[in-house]
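Asker: Heads up, the sequence shown is in the numbering used here, so the first residue is 1 and it goes up one at a time.
Heads up, the beta-carbon is just placed ideally off N, CA and C, and yes, glycines get one too.
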Amino acid sequence: MACIWLFVASYVAIHGVAQVMILFHKLMIPFIDIHTHHNQSPANVIAVKNLDFEASPIGLSSFGVHPWQSVMINHDSNFIDNCMKEVEAKCMMPQVVMIGETGLDAYRGADIDLQKTLFLRHITLSEQLGKPLVIHCVKTAEEVLTIHKQQRPTQLWIIHGYRKNAQMARQFLRQGIALSFGLHYNVEAMQIAYKENALWLETDDEDVTITDLYQEAAKVLAVSVEELQLNIYQRAIQLSSLFRLE
Ligand SMILES: [Zn+2]
1 MACIWLFVAS YVAIHGVAQV MILFHKLMIP FIDIHTHHNQ SPANVIAVKN LDFEASPIGL
61 SSFGVHPWQS VMINHDSNFI DNCMKEVEAK CMMPQVVMIG ETGLDAYRGA DIDLQKTLFL
121 RHITLSEQLG KPLVIHCVKT AEEVLTIHKQ QRPTQLWIIH GYRKNAQMAR QFLRQGIALS
181 FGLHYNVEAM QIAYKENALW LETDDEDVTI TDLYQEAAKV LAVSVEELQL NIYQRAIQLS
241 SLFRLE
């Protein structure tokens, strides 16, 4: 046993802590897929599965009323209360580690006022339960930024499927909002998000594997896949809700 520790100590002395962590990661650290609609993930992947309305969580999950589903909800406050009670009950389950996807969509879903009402209810839930928020944001960046300023949430907000330009990315990042990238992305926006330590990767509902996305992103960011894995994993373990089960 003493030999092992002697080996570890000499390895750290020679290669430095960062290299040792990368080695550790190669052996142990999984890929994080922060938002997916796929049911199956490979063994070395920790994926946060977005649950359909009727589904029960099996592994790590996120749950909320998608802006597109808001067309099924009417403005009656009792109806909204009842719907949100159901959402809350599911979000309280320990497997549900993130709230959403929720958010705003200028092109689809109910009128924007109803979407905002639902979005605010999800923000409240995220704060009450201490679980981060995964956000669908289409042509509504200004509204989301304004609501973030007004609400001053303590929980992390992640804009999922981020495809917009670097300028808008800077606006989100300046307010402490993280960005998750999938199959389609802006290269400069991805590079900025990584520099700001606020980059996540996701398969969403695309026909792609998370390992392929890590490989592609690593090239874009001019880092090794291992460094990228370590970067995302380190931030994932700071999201206590994500790893509460482990
Ligand atoms: Zn999605």
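Which residue comes first and which comes last in the alpha helix (DSSP H) that contains residue 87?
Answerer: As a working note, residue 87 is residue 87 in the sequence shown. First-last of the alpha helix (DSSP H) with residue 87: 77-91.
Asker: Using 10 angstroms around the beta-carbon of residue 126, count the other beta-carbons present and answer buried if the total reaches 16, otherwise exposed.
Answerer: The sequence position of residue 126 within the sequence shown is 126, counting from 1. Label assigned to residue 126: buried.
Asker: Considering only residues of the same chain and omitting the five flanking positions on each side of residue 4, which have a CB-CB separation below 7 Å?
Answerer: As a position in the sequence shown, residue 4 is number 4, starting the count at 1. Reliability fails at residue 4, whose pLDDT of 48 lies under 50, so the model's placement of it is uncertain and the value that follows must be treated cautiously. Taken in chain order, the list of residues that qualify is empty.
Asker: Leaving out five residues before and five after residue 70 in sequence, what residues of the same chain have Cβ atoms less than 8 Å from its Cβ?
Answerer: One-based indexing of the sequence shown puts residue 70 at position 70. Cβ neighbours of residue 70 beyond the five flanking positions: 109, 110, 114, 115, 118.
Asker: Quick check on this structure: which residue in 99, 230, 182, 163 has the alpha carbon closest to the alpha carbon of residue 130?
Answerer: Taking the first residue of the sequence shown as 1, we reach residue 130 at position 130. When only C-alpha atoms are compared, the closest one is 99.
Asker: Please identify the residue among 62, 53, 52 whose C-alpha is closest to the C-alpha of residue 33.
Answerer: For the purposes of this step, residue 33 is identified with residue 33 of the sequence shown, where counting begins at 1. Nearest option by C-alpha distance: 62.
Asker: Using a Cβ distance threshold of 8 Å, determine whether the segment 144-154 contacts the segment 173-190, with at least three qualifying pairs required.
Answerer: Yes: at least three Cβ pairs fall under 8 Å.
Asker: Exposed or buried, which one is residue 185 when buried takes at least 16 other CB atoms within 10 Å?
Answerer: Within the sequence shown, numbered from 1, the residue matching residue 185 stands at position 185. By the 10 Å Cβ count, residue 185 comes out buried.
Asker: Would residue 139 be called buried (16 or more neighbouring beta carbons within 10 Å of its own) or exposed?
Answerer: Working through the sequence shown from its first residue, we reach residue 139 at position 139. Residue 139 comes out exposed.
Asker: Quick one: Cα of residue 223 to Cα of residue 240, how far?
Answerer: Counting from 1 along the sequence shown, the entry for residue 223 is found at position 223. Counting from 1 along the sequence shown, the entry for residue 240 is found at position 240. If you take the alpha carbons of residue 223 and residue 240, they lie about 26 Å apart.
Asker: List in chain order the residues whose CB is within less than 7 Å of at least one heavy atom of ligand 1.
Answerer: Any residue whose Cβ sits closer than 7 Å to a heavy atom of ligand 1 makes the list: 35, 37, 50, 101, 136, 160, 161, 204, 205.
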